[in-house]
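Please read the structure below before turning to the comments.
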Amino acid sequence: MSLVVYAYPPSVYCQIIRMALHHLGLTAQINEVDPFSGTGPNPHPFGLVPTLRDNDFELWETTAILRYLDAKFAKGTLSPSAPHAVARMVQVQSIVDTQAYWPLVRMVFAQRVVAPALGDTADEGCIADGLARADPVLSALNDIAGEGLVLAPGTVTLADIHLAPMIGFFNAAPEGAEVLGRYPALGRWFREITKYPSYRDTCPPLTRVNS
Ligand SMILES: N[C@@H](CCC(=O)N[C@@H](CS)C(=O)NCC(=O)O)C(=O)O
-17 MSLVVYAYPP SVYCQIIRMA LHHLGLTAQI NEVDPFSGTG PNPHPFGLVP TLRDNDFELW
43 ETTAILRYLD AKFAKGTLSP SAPHAVARMV QVQSIVDTQA YWPLVRMVFA QRVVAPALGD
103 TADEGCIADG LARADPVLSA LNDIAGEGLV LAPGTVTLAD IHLAPMIGFF NAAPEGAEVL
163 GRYPALGRWF REITKYPSYR DTCPPLTRVN S
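The sequence shown maps to residues -17 to 193 in our numbering.
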């Protein structure tokens, strides 16, 4: 087996793929590319990360990569088979990509956590906008966690793996942690998922959880 991931180690999408690999007991060579500065040969047609290569099979889009790893290496055990549950799982993955990533990570985390770490001044307006945009997203995810078809204690699906790093990045900003505290089902789910070594061991330094 020869798995290669083209990834940017500090990025949330890199953690998602690394969490999936860790959870499945797989190792992969990480070929580092920085999509923000454009350094490193990047096979992704849109200049993003991640891309997975499995021998001569190349795949990008995180949802597709997760499905591939699950199908090939876990016999689909990270995807529920019941219609309602599998639909919820895909729904969570779609919410993460279309609604959560920008406000949680690119607006709140990037400005509150990354900017000062780089010696830059945080854009407070961007943080306020991000928090406002995050609220309905967290509310929807809280409803899904409360329903219990996915994001449920004791069961890990691709929805957990896709969502946990996003919430972890958001939670690293004090305002993010505070907002998360208003959503009990989502907060409970997050505390449970952070106990998994596949989550803890793959957190990049700025989002590392205390043991
Ligand atoms: N839909 C893509 C999104 C990937 C994505 O946005 N990756 C970020 C890294 S966290 C990126 O490459 N950003 C570079 C940029 O926006 O220029 C996926 O699911 O893989």
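Where is the CB? At the ideal position from N, CA and C, for every residue including glycine.
Quick caveat: nothing in here was measured; it's all calculated off a predicted structure.
**Prompt:** Hey, is Val(-6) close to ligand 1, as in C-beta under 8 Å from one of its heavy atoms?
**Reply:** yes
**Asked** By DSSP, does Glu43 sit in helix, in strand, or in coil?
**Response** coil
**Request:** Compute the Euclidean distance between the alpha carbons of Gly158 and Ile175, then round it to the nearest angstrom.
**Result:** 17 Å
**Asked** Hey, is the region 79 to 99 in contact with the region 146 to 155, meaning 3+ C-beta pairs nearer than 8 Å?
**Response** yes
**Message:** Taking DSSP's pairing of strands, which residues face Thr33 in a bridge?
**Reply:** Tyr(-12) and Trp42
**Message:** For Ser(-16) and Leu34, what's the separation of their Cα atoms in angstroms?
**Reply:** 10 Å
**Asked** Should Arg173 go down as buried or exposed, given a rule of 16 or more other Cβ atoms within 10 Å for buried?
**Response** exposed
**Asked** In chain order, which beta strand (DSSP E) runs of at least 3 residues are fully inside the region 76 to 102?
**Response** none
**Message:** I need the straight-line Cα distance from Ala99 to Ser63, nearest angstrom please.
**Reply:** 43 Å
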